[in-house]
Amino acid sequence: MGTSKEMMLSLMGFLVCVMLQSVPPAQGMAYTNTPVNTTVNMGKSATFTCTVTPNNMTINFTARLPYNKYELRCPGQSIKFPSMGLYGNCEVTPTQVTGTWQMLNIGNEVNNSAFICTGTGLPEHVGFLWIAGASKYYLMLFGCVMGGFFGILIIFVVTYVSLKKSEKLQECFKGKGEDDEDIGNVEEENIKD
Numbered sequence: 041m042g043t044s045k046e047m048m049l050s051l052m053g054f055l056v057c058v059m060l061q062s063v064p065p066a067q068g069m070a071y072t073n074t075p076v077n078t079t080v081n082m083g084k085s086a087t088f089t090c091t092v093t094p095n096n097m098t099i100n101f102t103a104r105l106p107y108n109k110y111e112l113r114c115p116g117q118s119i120k121f122p123s124m125g126l127y128g129n130c131e132v133t134p135t136q137v138t139g140t141w142q143m144l145n146i147g148n149e150v151n152n153s154a155f156i157c158t159g160t161g162l163p164e165h166v167g168f169l170w171i172a173g174a175s176k177y178y179l180m181l182f183g184c185v186m187g188g189f190f191g192i193l194i195i196f197v198v199t200y201v202s203l204k205k206s207e208k209l210q211e212c213f214k215g216k217g218e219d220d221e222d223i224g225n226v227e228e229e230n231i232k233d
């Protein structure tokens with residue numbers, strides 16, 4: 041019985057050693073760059089970067105926008121969404137792996153988007169995108185629309201009043217009536233006789 045216990049302990053020790061050899065060492069694995077909270081004005085661009093060392097690691101870098109989420113896995117291929125101005129890029133150097141999300145021409149609809157980076161065996165890091173000046177943009181847009189409306193209204197009122205008061209403008213826009221043409225013909229006949 042003593043031999044089977046020793047054999048079982050030896051077998052368990054062997055399995056633990058095999059498992060430890062198959063797991064990569066955690067030593068040296070670290071983030072060298074993580075996404076950070078960013079505030080930008082509307083129409084500008086923003087970049088979120090996640091970098092890990094060593095270069096044999098994998099990064100899952102997710103752009104979680106209010107209407108959808110997009111995943112970039114590095115090393116891997118770049119991702120492009122030109123209609124949204126969203127571009128994901130991977131870069132592998134001899135010492136590190138870098139994932140980058142870039143947003144161009146940012147609008148208010150992507151306010152509070154999250155960029156989540158997770159390296160193999162490392163904790164998750166999140167950076168948020170906030171839009172500044174969104175209320176100013178809508179206020180300016182409202183002012184332009186209302187200014188245009190009242191500007192056109194003023195032009196129509198001034199034109200109407202000018203037409204109403206000016207006899208020359210009324211004659212110009214009125215044109216010749218049928219009565220004027222008949223009178224002209226009668227006068228010409230009278231002159232011929």
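Heads up, the sequence shown is in my numbering, so the first residue is 41 and it goes up one at a time.
Beta carbons: idealized from backbone N, C-alpha and C, even for Gly.
In this text the structure is predicted, and so the values were computed from the model without any measurement.
Here V201 is exposed. Its C-beta has fewer than 16 other C-beta atoms within 10 Å. P94 and T138 have their C-alpha atoms roughly 11 angstroms apart. Straight-line spacing of the CA atoms in I99 and Q142 works out to 16 angstroms. In this chain, the beta strand (DSSP E) harbouring K120 covers I119 to F121. Our two residues, N152 and I171, have alpha carbons roughly 8 angstroms apart in a direct line. Only residues of its own chain outside the window of five on either side were considered, and among them G167 have a CB closer than 6 angstroms to the CB of V76, listed in chain order. Excluding its 5 nearest sequence neighbours in each direction, V132 has C-beta neighbours in its own chain below 8 angstroms: N95, C114, P115 and T138, listed in chain order. No residue range can be given for M82, since it is assigned to no beta strand (DSSP E) and is classified by DSSP as neither H nor E. For T72, the enclosing beta strand (DSSP E) has its first and last residue at A70 to N73. Excluding five sequence positions before and after L126, the CB atoms of its chain that fall closer than 6 angstroms to its own CB belong to M143, given in chain order. N73 is positioned such that its CB atom lies closer than 8 angstroms to that of T91.
Spanning the alpha carbons of V80 and L169 requires a straight line of approximately 8 angstroms. Exposure of L193 is indicated by the presence of fewer than 16 other C-beta atoms within 10 angstroms of its C-beta. DSSP places N108 in the uninterrupted beta strand (DSSP E) bounded by N108 to C114.
Shown here, S206 sits in coil according to DSSP, grouped into three states, outside any helix or strand.
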